[in-house]
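For reference, the structure is listed below as structure tokens.
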Amino acid sequence: MSERTSSSQEGKPPLSGRKTSSISNDEENEVPEMEAFGLIPRGFNPKDYLQVVDIHMFKEPHEINKEQHHTDKFYSPKLIVRRGQPFQIQIDFNRPYKPETDQLWLEYLIGRYPQQNKGTYIPIIVGNVLKPGEWGAKIIQKENNSIRLSIMSSSTCIVGKFRLYVAIWTPFGILRTRRNPATDTYILFNPWCQQDAVYLGDEKEREEYVLNDVGVVFHGDINDIKTRSWSYGQFEENILDACLFLMDKAELELSGRGNPIKICRVASAVINSRDDNGVIAGSWDNTYTYGVAPSAWTGSVDILLEYYSSKQPVRYGQCWVFAGVFNTFLRCLGIPARLVTTYASAHDNNANLQLDFFLDDEGKVDTKLTKDSVWNYHCWNEAWMTRPDLPVGFGGWQVVDGTPQETSDGMYRCGPASVQAIKHGHVCFQFDAPFVYAEVNGDIVYLRREKNGTQVIENIDKTHVGQMIVTKEVGGDGMVEITEDYKFQEGSEEERLALETAVMYGVKKQTIQDTTYQPQKDVDMDFQVQKAVLGSDFKVTITFRNRSHNYYTATTFLSGNIVFYTGVTKNEFKKHSFSANLQPSSTSAFDVPIRSSEYLNDLLDQASFHFFVTARIKETGKILAVQKATTLEIPSLRIKTQGEMVAGRQMSVTVEFTNPLAQTLENVTLRLEGPGVLRTMTELFRQIPANSTLIWEVKCTPRKPGLRKLIASLNCDALRHVYGELNIQIQKP
Numbered sequence: 001m002s003e004r005t006s007s008s009q010e011g012k013p014p015l016s017g018r019k020t021s022s023i024s025n026d027e028e029n030e031v032p033e034m035e036a037f038g039l040i041p042r043g044f045n046p047k048d049y050l051q052v053v054d055i056h057m058f059k060e061p062h063e064i065n066k067e068q069h070h071t072d073k074f075y076s077p078k079l080i081v082r083r084g085q086p087f088q089i090q091i092d093f094n095r096p097y098k099p100e101t102d103q104l105w106l107e108y109l110i111g112r113y114p115q116q117n118k119g120t121y122i123p124i125i126v127g128n129v130l131k132p133g134e135w136g137a138k139i140i141q142k143e144n145n146s147i148r149l150s151i152m153s154s155s156t157c158i159v160g161k162f163r164l165y166v167a168i169w170t171p172f173g174i175l176r177t178r179r180n181p182a183t184d185t186y187i188l189f190n191p192w193c194q195q196d197a198v199y200l201g202d203e204k205e206r207e208e209y210v211l212n213d214v215g216v217v218f219h220g221d222i223n224d225i226k227t228r229s230w231s232y233g234q235f236e237e238n239i240l241d242a243c244l245f246l247m248d249k250a251e252l253e254l255s256g257r258g259n260p261i262k263i264c265r266v267a268s269a270v271i272n273s274r275d276d277n278g279v280i281a282g283s284w285d286n287t288y289t290y291g292v293a294p295s296a297w298t299g300s301v302d303i304l305l306e307y308y309s310s311k312q313p314v315r316y317g318q319c320w321v322f323a324g325v326f327n328t329f330l331r332c333l334g335i336p337a338r339l340v341t342t343y344a345s346a347h348d349n350n351a352n353l354q355l356d357f358f359l360d361d362e363g364k365v366d367t368k369l370t371k372d373s374v375w376n377y378h379c380w381n382e383a384w385m386t387r388p389d390l391p392v393g394f395g396g397w398q399v400v401d402g403t404p405q406e407t408s409d410g411m412y413r414c415g416p417a418s419v420q421a422i423k424h425g426h427v428c429f430q431f432d433a434p435f436v437y438a439e440v441n442g443d444i445v446y447l448r449r450e451k452n453g454t455q456v457i458e459n460i461d462k463t464h465v466g467q468m469i470v471t472k473e474v475g476g477d478g479m480v481e482i483t484e485d486y487k488f489q490e491g492s493e494e495e496r497l498a499l500e501t502a503v504m505y506g507v508k509k510q511t512i513q514d515t516t517y518q519p520q521k522d523v524d525m526d527f528q529v530q531k532a533v534l535g536s537d538f539k540v541t542i543t544f545r546n547r548s549h550n551y552y553t554a555t556t557f558l559s560g561n562i563v564f565y566t567g568v569t570k571n572e573f574k575k576h577s578f579s580a581n582l583q584p585s586s587t588s589a590f591d592v593p594i595r596s597s598e599y600l601n602d603l604l605d606q607a608s609f610h611f612f613v614t615a616r617i618k619e620t621g622k623i624l625a626v627q628k629a630t631t632l633e634i635p636s637l638r639i640k641t642q643g644e645m646v647a648g649r650q651m652s653v654t655v656e657f658t659n660p661l662a663q664t665l666e667n668v669t670l671r672l673e674g675p676g677v678l679r680t681m682t683e684l685f686r687q688i689p690a691n692s693t694l695i696w697e698v699k700c701t702p703r704k705p706g707l708r709k710l711i712a713s714l715n716c717d718a719l720r721h722v723y724g725e726l727n728i729q730i731q732k733p
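Quick note: the sequence shown uses UniProt numbering, first residue 1, plus one each step.
Following this line, the structure appears as structure tokens:
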């Protein structure tokens, strides 16, 4: 097709670079309306031949194509269909169509240099039968001057925006319809089609993982799981174009855009701004000047649209923002996807399945030497697809992660890595399985450096990392645990086998000599942090259980740190040490009070604390060590609606918030959004005095009937991660 251009000049490759590499869905070539076979005789009149007067795409949400292809939710005037499934168009001619003499075919083109062998130029002859999963067209109805065609796309074709031409053969040349953007056709992945690489068999799961435009993010920590809603908004206006632009930005060649593995790999790099000026700039240091704090976003739409128009990274994101936007991208293109949270996710700097925490002589953690960290939680995505590049059995859910943590093949990206391969330790299979394996498996080793430089192992915690992995349930807002998709039961034979397999395939694991490490087995230590609301006092209770017949004395240190949710310490706000006398065969408890005045000034985004408790048994010299993260209860926003809620009619929404702190909140930003109900609105309030209530009223007109969700956030320097949500039922007019 690349030869058939309007002028000879157009057809020549540019002097530099390759002509055939096509990495933009946006660029087009010129297609001649009359492509002559040679000299055209003087008497030739194109009007003597069959002419196309109009093409009907049946592209309205209530018409057959969008309904059958599950694309009726897209807020777009164009035709959007899924591959490997027939759709219909109608062509009106200037006279009745005569199959005996009239020869016509369709041409679908994508990109600047359409070529048949690349799948970017697709000529379709009108025939009598449609073969499943292959390009074809057949007439299903003839009436007066019109024909109705059923068109089948290939179940492996490129995903993107195609241009449509109708071509008619004459003895002197080919007549084509004029370029008409109204006939552009978007073709997406099809989880309803068995031949598609993203086929998903369960209708309830397809409704959740492809069609649901709102989700839940689980955050907080393992002992205090917090939830918030996230608006994916994959069907909102211009989001599909923004998602296709991401593939252009990532320079993924068009011929690779039918492959979900390739798309996920490049998308995990372009979602973050490191090394390619991608969508979101990450910031984990609690300063968000010239940008939006990660906790303030309520969904993906604003971020994607801002990036699509500015082409510059949007500030700022943290893991759930990267994962939320990635989920929108995947669901928008038709790849089933879900957002997953791992509690106690290891960030193991040297990937040796061991997180080294160094203790000083007193038994306190030495923050200068300790480089590894445990994130309270980390969000990533799973995308559903077959993996023909791996042995049988490793298809299904694949981990993809857009948060920039480590480089992979020279770029900040991660995945797709087969969840099944991670569980069984088969980390030799691409991509990045060893890194994900280390995130959910790993031992915390407490080391002490002797004066002569040797390292002594004081304690090992084998169960802290990857304690729990969760996602939103299908069809509801509840949580479902999927830890066993990633790992076998702690301590089981299968778990040991998976670990040995991972080590065999090159995951580094330091071997620990039994002689050097002999823990104190007859005393157990644990601690509990009292649940507390932001701004109040609380206590930490440390309990010892002495199972021996000996008297012991435990010199105990508690260190309270204000931490980023990534486990990195900002500062130590509480130091407390005491001596605990442990009676034989008994349990003793000790309370350490924490006052709000000790922590309030330094509090970060997520109101997150990390407590280390270490105790040295005087009589044996052994060390016990436990660490836990905890988060404060943050007040929430209340959302209310007034009056009737009917599609197409104005309604009123109010957001209320009471300031719980003993200080005035300044420069407070409120955000409110609800897919299908209202576009994101923001409002700045200069001050909210202590204990006073703010009320913000908004008017909006919902677009569609059905169950919808409103999501709000409040943000200021002293208080972040304040959310509210409300399910509302919009009635039919």
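Ideal Cβ placement from N, Cα and C applies to all residues, glycine included.
Asked	Found
Taking the alpha helix (DSSP H) that residue 310 belongs to, which residues open and close that run?	301 to 310
What residues in its chain sit with their C-beta under 7 Å from that of residue 417, if we drop five residues either side in the sequence?	398, 399, 431, 432, 433 and 436
Which residues mark the beginning and the end of the beta strand (DSSP E) in which residue 591 is found?	586 to 594
State whether the segment 209 to 218 contacts the segment 100 to 107, with contact taken as three or more CB pairs (one from each stretch) at a distance under 8 Å.	no
My guess is that residue 159 and residue 177 are in contact by the Cβ rule of under 8 Å, so how many angstroms apart are they, rounded?	24 Å between Cβ atoms; not a contact.
For residue 666, collect the residues of the same chain with a Cβ closer than 6 Å to its Cβ; drop the 5 residues on either side in sequence, then sort them by chain order.	687
Since residue 295 contacts residue 673 with CB under 8 Å, what's their CB separation in whole angstroms?	Incorrect: roughly 15 Å between the Cβ atoms, too far for contact.
Closer than 8 Å is the cut-off here; do at least three beta carbon pairs connect the segment 255 to 265 with the segment 145 to 165?	yes
Thinking residue 565 and residue 376 are a contact (beta carbons under 8 Å), I'd like their distance in whole angstroms, please.	5 Å
Residue 578: buried (16+ other C-beta within 10 angstroms of its C-beta) or exposed?	exposed
Where does the unbroken beta strand (DSSP E) through residue 671 begin, and where does it stop?	665 to 674
DSSP three-state call for residue 498: helix, strand or coil?	helix
Pull the bridge partners of residue 365 from the DSSP assignment, please.	359
Name the residue from 531, 721, 155 and 675 whose alpha carbon lies nearest to the alpha carbon of residue 293.	721
Could I get the ranges of all uninterrupted beta strand (DSSP E) runs contained in the segment 89 to 119, with 3 residues as the minimum, in chain order?	104 to 109
Quick check on the DSSP output: the beta strand (DSSP E) that includes residue 732 runs from which residue to which?	Unbroken run through residue 732: none, as it is neither H nor E.
Determine contact between the segment 684 to 704 and the segment 92 to 100, defined as no fewer than three beta-carbon pairs at a distance below 8 Å.	no
Helix, strand or coil for residue 379, going by three-state DSSP, please let me know.	strand
Once DSSP output is grouped into helix, strand and coil, what is the label at residue 420?	helix
Give the C-beta separation of residue 382 and residue 337 to the nearest angstrom, bearing in mind that I take them to be a contact with Cβ-Cβ under 8 Å.	7 Å
Just to confirm the assignment: which complete beta strand (DSSP E) runs, minimum length 3, are found wholly within the segment 272 to 345?	280 to 282 and 314 to 317
Sort 548, 559, 569 and 601 by Cα distance to residue 585 and report the nearest one.	548
By Cβ distance below 6 Å, which residues in the same chain neighbour residue 713 in space, the five residues on each side in sequence not counted?	296, 298, 671 and 723
Between the Cα of residue 130 and those of 450, 316, 183 and 86, spot the shortest distance and give me the residue it belongs to.	86
Whose C-beta lies closer than 8 Å to the C-beta of residue 536 among residues of the same chain, with five residues either side of it excluded?	596
To the nearest angstrom, how far is it from the Cα of residue 732 to the Cα of residue 710?	18 Å
Report the option in 384, 475, 463 and 471 whose CA atom is closest to the CA atom of residue 488.	463
Under a Cβ-count criterion, where at least 16 other Cβ atoms within 10 Å of its own Cβ denotes burial, should residue 62 be classed as buried or exposed?	exposed
In the DSSP output, which residue or residues are listed as bridge partners for residue 218?	227
I need the DSSP call for residue 142, collapsed to helix, strand or coil.	strand
What's the gap between the Cα of residue 429 and the Cα of residue 508?	16 Å
For the beta strand (DSSP E) that contains residue 434, what are its first and last residues?	Run containing residue 434: none in the beta strand (DSSP E); it sits in the alpha helix (DSSP H), 433 to 440.
Between residue 450 and the rest of its own chain, which residues show a CB-CB distance below 7 Å, the 5 nearest in sequence each way excluded?	456
Please report how far the alpha carbon of residue 339 lies from the alpha carbon of residue 233, in whole angstroms.	14 Å
Excluding the 5 residues preceding and the 5 following residue 169 in the sequence, name in chain order all residues of the same chain whose CB lies nearer than 6 Å to its CB.	103
Using beta-carbon positions only, say whether residue 254 and residue 43 come within less than 8 Å of one another.	no
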